[in-house]
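In my numbering, the protein residues as written are 345 to 857.
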Ligand code: MV4
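Next up, the structure:
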């Protein structure tokens, strides 16, 4: 087993990996940028290394600096988390070249899935259902119009190097196609350095369902059920659940078998996710494969009882999967809320700043994967995900009621968050009856009981009043923030305790410089 793992990431996912390392008896080494000197992952890791300026290109995306630290500190493996370098084939290759194990798939598997047209060709060979369309670059307007009229409008024009919806266009007729083709090609060239675009039949208001797969280096590949990820806004997922309310046992097995076929076709190793579009008839089509651990992995962990990060590490260390497909049992239901520092009243714009108060929920069936603490300043430089609140129950109803109970326990002051959105979704009739597709959230946000509605305002005022009372109570007995600011004289023991912990933190912070 590895002795030390370097974590090439930040925020809640870095914390998640540090926890897994500690449980496995592996030392964790964190890297951090200048604005992350006292970030939570830096306070929690066994060793920490400053790698550069806030700009990701200078720090969390800098392959040379990260590999340099890994070699210097003697790490035997690197966990990339999600985002940043997690799907960068050059990075995976460079790790292999330096004799450091990349905890993820091979560079070759990443490349096979990186080009969407190449992935479509691979899936065709493997007999995997995919959306009708082209699997090669479009060469001319005439050819594009031929293809489009054959598959039938509406069609989707997509960038081969894209993914996640970037550079995607919905076209209703041949007149729209001509100008869109050239625009899409030059946009893709600018965004990805690759102007290749292709066409697919458009599936209107699809559901987005993805399947978690795990593969070891000994040829064993399993699926761990699906996640329903249709609740998103502008290609940013907001709430995910497992299992999908749409999928029954029979469909789970079929879509799971297809996902395993996808992974095998890519010669895939470690944890990965196969994305599908599902139409109104419940027919599903391969969309793309994400070659990393995903943000929403906890919902799969809760319904399978497996620890995906442990398994990633064990697989990377060369171990065999410790179970077979028939041993994977799905039990209960889990729902994840992505808590972002963003302003719901201002188009969900990022809302960085200092966290002045933080009350976090707990209790039965509640898991919080958190990346922040009170007194810390959320920088503007990265994705504004603060934490993931996950509710688990014996069934969907209980998962919903536990989350609905936990959400009002959650209070963040100093920055704006999207917390208010989740109570709304959980109370919504369509959500409760599982009537969700990729257009769901936009419809909810457009509907009458908007975020500025009276009800929502009242609820926020109530929560604020309770939180203020709690905070006042805490503040009168000790320095709740523990930030080293002297409390009023005469509080004796509380002062000493606070001083101790902040001194400890100050000492620790000094050590980093
Ligand atoms: C589609 C589609 C409809 N038809 N492809 C958006 C993200 C990217 N991974 C693919 N996406 C879509 N591709 C065809 N042929 C609709 C979407 C889509 C979508 C997919 C998943 C989750 C949310 C979405 C929101 C809008 C559009």
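Virtual Cβ for every residue (Gly too), placed ideally from N, Cα, C. As the structure is a prediction and not an experimental result, all values here were calculated from the model.
A Cβ closer than 6 Å to some heavy atom of the ligand MV4 marks a residue here, and those residues are 475, 500, 507, 508, 509, 512, 544, 545, 546, 547, 550, 552, 576, 579, 621, 631, 632 and 782. Within the model, the alpha-carbon separation for residue 534 versus residue 501 is close to 16 Å.
Under a 10 Å Cβ-count criterion, residue 530 is classified as exposed, with fewer than 16 other Cβ atoms of the shown protein chains found around its own Cβ. The distance from the Cβ of residue 756 to that of residue 702 is about 6 Å, consistent with a contact at the 8 Å cut-off. Cα atoms of residue 401 and residue 345: separation of roughly 31 Å, rounded to the nearest angstrom. Scanning its chain for C-beta atoms nearer than 6 Å, with the 5 sequence neighbours on each side dropped, one finds around residue 760 the residues 687 and 695, in chain order. Taken atom to atom, the span from the alpha-carbon of residue 538 to that of residue 398 is near 28 Å. In the three-state DSSP reduction, residue 534 falls in the helix class (H, G or I). Only buried fits residue 659, as 16 or more other CB atoms lie within 10 angstroms of its CB. For residue 598, the enclosing alpha helix (DSSP H) covers residues 593 to 609.
Just so you know, the alpha carbons of residue 351 and residue 487 end up roughly 47 Å apart. In the structure shown, residue 512 falls within a coil segment according to DSSP collapsed to helix, strand and coil. Beyond the five residues adjoining it in sequence on each side, residue 664 comes within less than 8 Å, by CB distance, of 560, 562 and 564 in the same chain, given in chain order.
Secondary structure of residue 677 (DSSP, three-state): strand.
Residue 766 places its beta carbon less than 9 Å from that of residue 583.
If you check the CB distance, residue 410 and residue 657 do not come in under 9 Å. Runs of the alpha helix (DSSP H) spanning 4 or more residues and lying entirely within the stretch 637 to 693 occur at 641 to 648 and 652 to 660, in chain order. Residue 753 carries a helical assignment under DSSP once its states are collapsed to helix, strand and coil. Rounded to the nearest angstrom, the gap between the Cα atoms of residue 394 and residue 731 is 23 Å. Taking residue 499 as reference, the option from 477, 510, 508 and 485 with the minimal CA-CA separation is 477. A residue is called buried once 16 or more other Cβ atoms fall within 10 Å of its Cβ, and residue 640 is buried on that count. A straight-line Cα-Cα distance of about 7 Å links residue 506 and residue 536. Out of 680, 459, 456 and 791, the CA that lies nearest to the CA of residue 581 is found in 680. Residue 532 and residue 510 have their C-alpha atoms spaced approximately 9 Å apart.
Rounded to whole angstroms, the separation of the alpha carbons of residue 647 and residue 596 is 14 Å. With a cutoff of 9 Å on beta-carbon distance, residue 603 and residue 557 are scored as near each other. The beta carbon of residue 445 is closer than 8 Å to those of 346, 420, 421, 422, 439, 660 and 661 in its chain, skipping five residues each way along the sequence. In the DSSP assignment, residue 435 falls within the unbroken alpha helix (DSSP H) covering 433 to 441. Of the other Cβ atoms in all chains shown, 16 or more fall within 10 Å of the Cβ of residue 425; this residue is therefore buried.
Residue state for residue 388 is assigned as helix, using DSSP reduced to three classes. With respect to residue 550, residue 781 sits close: the two C-beta atoms are nearer than 9 Å. Here DSSP, grouped into helix, strand and coil, assigns residue 580 to strand. Going by beta carbons, residue 470 and residue 606 fall inside the 9 Å limit. Remark: C-beta atoms of residue 566 and residue 667 approach each other more closely than 9 Å.
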